[in-house]
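Worksheet for the structure shown next.
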Amino acid sequence: MTPLFPIGVLVVVWFLSAIPLPFEYQIYWPLWLALSAFWFALYAPRFMGVVIAWFLGLSLDLLLGAPLASYAFGLALAVYLAGLFRLRLRHLTMPQQILVAVAFCWVTLQGAVWVRWLSGGQGNPLLSTVTACVSGLVWPLVSLSLNRIARRISVERV
Amino acid sequence: MFQPHSTSGAQLLFVTVLSGLLLLGENTLESVGQVRGQISSLFSPLQSLANHSVQWIAGSAQTNTERRHLSAEIQRLTLENERLMVRQQRMHALESENNDLRASLAAAARLDDEFVHAEVLAHSPDPFIQRMVINRGFSARAATGQAVLDMNGLVGQVVEVGSLSSQVLLLTDASHQVPVTVERSGYKAIARGTGHPDQLELINVPPTAEIEPGDLLRTSGLGQRFPQGYPVARVVSVTRQPGQAFAKILAAPVAQTDRLDRVMLVYRTQTARDRAFATLEVVPGDS
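Listed in order, the protein sequences are those of chains X and E. Note that this note's numbering has the first sequence beginning at 1, numbered continuously upward. Note that this note's numbering has the second sequence beginning at 1001, numbered continuously upward.
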């Protein structure tokens, strides 16, 4: 069991989240942090609880300059929901998991949008649906990569 | 490790309350913003690395030495040119102002602003947020509310300051407003961001206001936040509909806010008026 694995994943995910993109392409950039959180919530839940997800979301708020607690709340809510159905979700086929990953990212983004509205911000919720769909499309890549790495370095999966 | 649902539910309730408190604190307490600025600085190396990686990939075609020399020379000249362009903006504004003052035969000497170059470390990849991170913080005397320019005009203002980096809220962000004046007619208005990088809107402008497409908007200096006379945007469309109380006026910012590599921080020279305002702010119980 090595805590370096989630830390390494987190650094890579932060890096991917910080990559600057032109405005037109930003909505097509997957929500890498939410996808990796989803993977940990399904396959390595000892590394991913509601409180940890909240702090991870908070790091994304700081990284992206979003209102504090927006992504934090969204991600915590999504991880809570994933935790409720974790055992069932793990046994879904890949196409079904893609749909669930879309829903997971959508919940995260919607949570962030709600919090922004509370703080007086604006945002088109339909745009976040596009981001959630794109994130779902890269879920197989994230899932297979993390599964392979976890198997290679013998990360204990529950 | 399996967590009972009741524990997760309690944790969710806890983080929800924590989120509410954090949100409340950010909107009411200035100290929360300062702490946030300091913590955000921890991400500066990562943002810088991501930014430079993208630039490196984009510039990987330039491999030979001659190109490197040329690139360095171009970079130096670009910096110099940007500095001069900003000076030129100021000169245009001063020239216009000077003419007006001469006409009235009464003018006080105006002091010039100082500028410091800053490199853009990152743009916020979130499509709902128009912000960027620059490599100037407390150590470079950056301060909240400081105006940020590029070679074409106003870019935004500093909203969070860390030790070595700062967050800049772009003028196109939906939460940003800037007082402007129409260069041609002198009409005063407020330009608000729309959340889109190439669009601003003028709010609460009556249909009879003297504004036409093509008019240049400059900072009016009202509100004491932005220095007067810097270009902000050019009016793109004016829609006056019968029965509507206000005209719908859209403008395009003169700065390319989403494609900036370098900007300049404005250090205002304190005028007698500024000092008077500062004195008023620190007098306790002043009405």
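For glycine and all other residues, C-beta sits at the position ideal for the given N, C-alpha and C. These numbers come from a predicted model, not from an experiment.
Check: Cα-Cα separation between L137 of chain X and I98 of chain X, rounded to whole angstroms; Outcome: 7 Å
Check: Secondary structure of L1202 of chain E, DSSP reduced to three states; Outcome: strand
Check: Option in X:V142, X:L81, X:F55 and X:L16 with minimal Cα separation from S1053 of chain E; Outcome: X:L16
Check: C-beta atoms of L144 of chain X and W39 of chain X nearer than 8 Å; Outcome: no
Check: contact_flag[the region 1015–1024 of chain E, the region 87–95 of chain X] where n(CB pairs < 8 Å) is 3 or more; Outcome: no
Check: Spatially closest choice to D1261 of chain E from E:V1232, E:Q1034, E:I1249 and E:M1151, by CA coordinates; Outcome: E:M1151
Check: CB contact check: V50 of chain X to chain E, cutoff 8 Å; Outcome: yes
Check: Pick from X:W14, X:L4 and X:F47 that is closest to A1122 of chain E, judged by C-alpha positions; Outcome: X:W14
Check: Short Cβ contact (8 Å threshold) for V1086 of chain E with L1149 of chain E; Outcome: yes
Check: Test: S1139 of chain E CB closer than 8 Å to a CB of chain X; Outcome: no
Check: Selection from E:P1227, E:L1200, E:L1265 and E:Y1230 that minimises the alpha carbon distance to K1248 of chain E; Outcome: E:L1200
Check: Alpha carbon of W114 of chain X to alpha carbon of I1039 of chain E, nearest angstrom; Outcome: 24 Å
Check: Contact the region 1134–1144 of chain E vs the region 1227–1246 of chain E: 3+ CB pairs below 8 Å; Outcome: no
Check: Residue of X:L35, X:V51, X:A72 and X:C133 minimising C-alpha distance to V9 of chain X; Outcome: X:L35
Check: DSSP-derived helix/strand/coil call for T1181 of chain E; Outcome: strand
Check: Within chain E, the residues that W29 of chain X reaches when beta carbons sit closer than 7 Å; Outcome: P1125
Check: Spatial neighbours of M1001 of chain E in its chain, beta-carbon cut-off 8 Å, leaving aside the 5 residues before and after; Outcome: Legend: pLDDT at M1001 of chain E = 42, less than 50; position of this residue unreliable, no value from coordinates given.
Check: Neighbour flag for P1288 of chain E against chain X, beta carbons, 8 Å; Outcome: There is simply no residue 1288 of chain E to check, as chain E begins at 1001 and stops at 1287 in what is shown.
Check: Contact set for R1240 of chain E: own chain, Cβ-Cβ below 6 Å, skip 5 residues either direction; Outcome: P1207 and A1247
Check: Partners in chain E for L64 of chain X, counting only beta-carbon separations shorter than 7 Å; Outcome: S1124, P1125, D1126 and I1129
Check: Stretch pair the region 1203–1219 of chain E + the region 1173–1192 of chain E: three plus CB contacts closer than 8 Å; Outcome: yes
Check: Cα-Cα separation, H1176 of chain E to Y43 of chain X; Outcome: 43 Å
Check: From E:A1174, E:P1179 and E:N1135, residue whose alpha carbon lies closest to that of G1162 of chain E; Outcome: E:N1135
Check: Buried/exposed call for P22 of chain X, threshold 16 Cβ in 10 Å; Outcome: exposed
Check: Where H1092 of chain E sits in the DSSP three-state scheme; Outcome: helix
Check: I1057 of chain E classed as buried or exposed, judged by whether at least 16 other C-beta atoms fall within 10 angstroms; Outcome: exposed
Check: C-beta neighbour in chain X for A1050 of chain E, strict 8 Å; Outcome: yes
Check: Alpha-carbon to alpha-carbon, P20 of chain X and L974 of chain E; Outcome: Since the first residue shown for chain E is 1001 and the last is 1287, residue 974 of chain E is missing from the structure and cannot be characterised.
Check: The alpha helix (DSSP H) enclosing T129 of chain X, as first and last residue numbers; Outcome: P125 to R152
Check: Below-8 Å beta-carbon distance, D1150 of chain E vs any chain X residue; Outcome: no
Check: As assigned by DSSP and simplified to three states, the class of V985 of chain E; Outcome: Here chain E comprises residues numbered 1001 to 1287, so residue 985 of chain E is not present and cannot be evaluated.
Check: Where M94 of chain X falls: helix, strand or coil (DSSP); Outcome: helix
Check: Contact residues within the region 4–34 of chain X, judged by C-beta distance below 7 Å to chain E; Outcome: W14, F15, S17, A18, I19, P20, L21, P22, F23, Q26, I27 and W29
Check: Within chain X, partners of N1027 of chain E - CB distance below 9 Å; Outcome: P67, S119 and G120
Check: Continuous alpha helix (DSSP H) stretch holding V1134 of chain E: start and end; Outcome: Here residue 1134 of chain E turns out to be Ile, not Val, going by the sequence shown. Per DSSP, I1134 of chain E belongs to no alpha helix (DSSP H); it is in the beta strand (DSSP E), R1131 to I1134.
Check: Cβ-based burial, D1215 of chain E [other Cβ within 10 Å; buried from 16]; Outcome: buried
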